[in-house]
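Working notes, beginning with the structure itself.
Spelled out as structure tokens, the structure:
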């Protein structure tokens, strides 16, 4: 019957990988990640299964951290996009859940299954897929969003998970396997009971952080809409006032010309021209997008930033809700970054052009010299300051709704945000 035991070990090791891969973020494409994982972890799993078959579960349980946990930790740390608290918490979470299932099925088989390994095999056969279903159904999507949106607070969670893993591994295997220490079984069962409660507390705290993030994002969207509507209202009022005043300008100019006072008429026209210059600047024909540009152009002027706008779109119909989200979040992040620089270093350029069936948006602004973002990464915003990161998840979601993509990176002391979205109404010839 040891065959069932060995098969259950192989099944457990495979599903530890699956559980972890459902929750972590690789820095490589999925296909390459799968190939690397198979090449590195396949021999490692085979070695541990062979060790259980040769030396028994008791012996291998004592060295499992050295033969499996640490090698897999180093491999996935190399492959993972995250290198700090987020990675270690995810790794510890997957390993601790798997170790919990292994411990529960081991104890159940010893006391209820008569050490025939049937209950152990069937328990692991059912519990690992159940844990993965729960992860996919309830945890994966919000957990991925949380990893992207929250930068701080992961260290303490990772530390708690690591200590829990060590506690569970030591209490289950040292000085001998727990089934050989019946007097310590009640304490071990309390540890097994306490673990789900501890993780529930962790996830409640993390979920509240996610709700806070979503609330902040919602407030930003509402603020964007408020700014857009206020800018539109102000534009309309000033244009109506100018139209009303034009009648008076025309009558005055006509009177001067009729009287032959050419010099006075020229001076008067110069005054009218100065008055026209006070009208809101027109960046594009689309009123919604122009309102966003107008709002942030004024904000950048207040910061003393050198601002270059290259907006090459017409009055064609646009998915303005998503585009306003993209522009507002991108420009707000740029303003936050420029605030932290000396006035003479505050520079930003905004481009918006067509390229065949796509609309290309590029926002490039000066940033801190030490900021380093590789293409494809999304930097997270910390509580201590505002660089880039807050709102970039919203930019990406808006781009994806328009069948587009978003990339950001640092280059020569500049932070660059590139967005490409599909627009069926494109009429441009390209760039």
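In my numbering, the protein residues as written are 154 to 584.
We treat Cβ as the ideally placed atom computed from N, Cα and C, and that holds for glycine.
Source: prediction; values computed, not measured.
*Span separating the alpha-carbon of residue 271 from that of residue 296*: Here residue 271 corresponds to residue number 118 of the chain shown, with the count starting at 1. Here residue 296 corresponds to residue number 143 of the chain shown, with the count starting at 1. Going by the C-alpha atoms only, they are around 35 Å apart.
*Boundaries (first-last residue) of the alpha helix (DSSP H) holding residue 300*: In the chain shown, residue 300 corresponds to position 147, counting from 1. 293-302 is the span of the alpha helix (DSSP H), which, as asked, contains residue 300.
_Are the CB atoms of residue 170 and residue 253 within a distance shorter than 9 Å?_
As a working note, residue 253 is residue 100 in the chain shown. As a working note, residue 170 is residue 17 in the chain shown. In this structure, residue 170 does not lie closer than 9 Å to residue 253 by Cβ.
*asked:* Would the stretch 285-304 count as touching the stretch 206-213 if we require 3 or more Cβ pairs under 8 Å?
replied: no
*Could you give the distance in angstroms between the alpha-carbon of residue 235 and the alpha-carbon of residue 179?*
If you number the chain shown from 1, residue 235 lands on position 82. If you number the chain shown from 1, residue 179 lands on position 26. Spanning the alpha carbons of residue 235 and residue 179 requires a straight line of approximately 8 Å.
*Whole alpha helix (DSSP H) runs in the stretch 161-214 with 4 or more residues, listed along the chain?*
183-208
*Going along the chain, which residues of its own chain have a beta-carbon closer than 7 Å to the beta-carbon of residue 529, five neighbours each way excluded?*
Taking the first residue of the chain shown as 1, we reach residue 529 at position 376. Excluding sequence neighbours, residue 529 sits near 560.
*What is the rounded straight-line gap between the Cα of residue 158 and the Cα of residue 276?*
Within the chain shown, the letter at position 5 stands for residue 158. Within the chain shown, the letter at position 123 stands for residue 276. Straight-line Cα distance between these residues: approximately 11 Å.
*asked:* I need the boundaries of the beta strand (DSSP E) containing residue 524, first residue and last residue.
replied: Looking up residue 524 in the chain shown gives position 371. It is not in any beta strand (DSSP E) - residue 524 carries neither H nor E in the DSSP assignment.
*asked:* Just verifying my parser: in three-state terms, what is the DSSP assignment at residue 488?
replied: Taking the first residue of the chain shown as 1, we reach residue 488 at position 335. DSSP places residue 488 in helix when its eight states are reduced to three.
*asked:* For the stretch 221-239 against the stretch 174-193, do three or more pairs of beta-carbon atoms, one drawn from each stretch, fall closer than 8 Å, so that the two count as touching?
replied: These segments touch.
*Anyone know if the C-beta pair for residue 548 and residue 572 falls short of 9 Å?*
Start at 1 with the first residue of the chain shown, and residue 548 comes out as number 395. Start at 1 with the first residue of the chain shown, and residue 572 comes out as number 419. Their beta carbons are under 9 Å apart, which means residue 548 touches residue 572 by this criterion.
_According to DSSP, is residue 537 part of a helix, a strand, or is it coil?_
Position 384 of the chain shown holds residue 537. For residue 537, the predicted model reports a pLDDT of 43, less than 50, meaning its position is unreliable; a value from the coordinates is still stated below. Taken through DSSP and simplified to helix, strand or coil, residue 537 comes out as coil.
*If you run the structure through DSSP and keep just helix, strand and coil, what is residue 506?*
Walking along the chain shown from the start, residue 506 turns up at place 353. Strand, per DSSP.
*C-alpha distance - residue 308 paired with residue 340, whole-angstrom precision*: Here residue 308 is taken as the residue at index 155 of the chain shown, counted from 1. Here residue 340 is taken as the residue at index 187 of the chain shown, counted from 1. So the two alpha carbons sit approximately 28 Å from each other.
*In terms of residues, what are the limits of the alpha helix (DSSP H) holding residue 553?*
The residue given as residue 553 occupies position 400 in the chain shown. According to the DSSP assignment, residue 553 belongs to the alpha helix (DSSP H) that extends over 545-554.
*What are the boundary residues of the alpha helix (DSSP H) that residue 447 is part of?*
Residue mapping note: residue 447 aligns to position 294 of the chain shown, counting from 1. First-last of the alpha helix (DSSP H) with residue 447: 440-455.
*CB-CB under 7 Å to residue 445, same chain, minus the five flanking residues each way: which ones, in chain order?*
Taking the first residue of the chain shown as position 1, residue 445 is located at position 292. Answer for residue 445: 381, 477, 480, 481, listed in chain order.
*Find out if the Cβ-Cβ distance for the pair residue 499, residue 566 is shorter than 9 Å.*
Here the question's residue 499 lines up with position 346 in the chain shown. Here the question's residue 566 lines up with position 413 in the chain shown. Judged by beta-carbon spacing, residue 566 lies beyond the 9 Å limit of residue 499, meaning their Cβ atoms are not closer than that value.
*Identify the continuous alpha helix (DSSP H) that holds residue 248 and give its terminal residues.*
For the purposes of this step, residue 248 is taken as residue 95 along the chain shown, with counting starting at 1. Its alpha helix (DSSP H) spans residues 238-265.
*Is there contact between the stretch 192-207 and the stretch 251-265, where contact requires at least three CB pairs shorter than 8 Å?*
no
*Between residue 314 and the rest of its own chain, which residues show a CB-CB distance below 7 Å, the 5 nearest in sequence each way excluded?*
Start at 1 with the first residue of the chain shown, and residue 314 comes out as number 161. Excluding sequence neighbours, residue 314 sits near 242, 245, 246, 249.
*asked:* My assumption, with CB atoms under 8 Å, is that residue 220 sits in contact with residue 204. Please give the rounded CB distance.
replied: For this step, residue 220 is matched to residue 67 along the chain shown. For this step, residue 204 is matched to residue 51 along the chain shown. Sure, about 7 Å apart at Cβ, within 8 Å.
*Once you ignore the five residues that flank residue 405 on each side, which residues in its own chain have a CB closer than 7 Å to its CB?*
Position 252 of the chain shown, counted from the first residue, corresponds to residue 405. Closer than 7 Å at Cβ, skipping near neighbours: 421.
*Residues in its own chain within less than 8 Å of residue 552 by CB, not counting five upstream and five downstream?*
Walking along the chain shown from the start, residue 552 turns up at place 399. If you ignore the 5 residues before and after residue 552, its C-beta comes within less than 8 Å of the C-beta of 475, 479, 558, 559, 572, 573, 574, all in its own chain and listed in chain order.
_Where residue 469 falls: helix, strand or coil (DSSP)_ = Numbered from 1 along the chain shown, position 316 holds the residue referred to as residue 469. Of the three classes helix, strand and coil, the one that applies to residue 469 here is coil, per DSSP.
*Bridge partners - residue 563, DSSP secondary structure assignment*: In the chain shown, counting from the first residue as 1, residue 563 sits at position 410. Its beta-bridge partners are 568.
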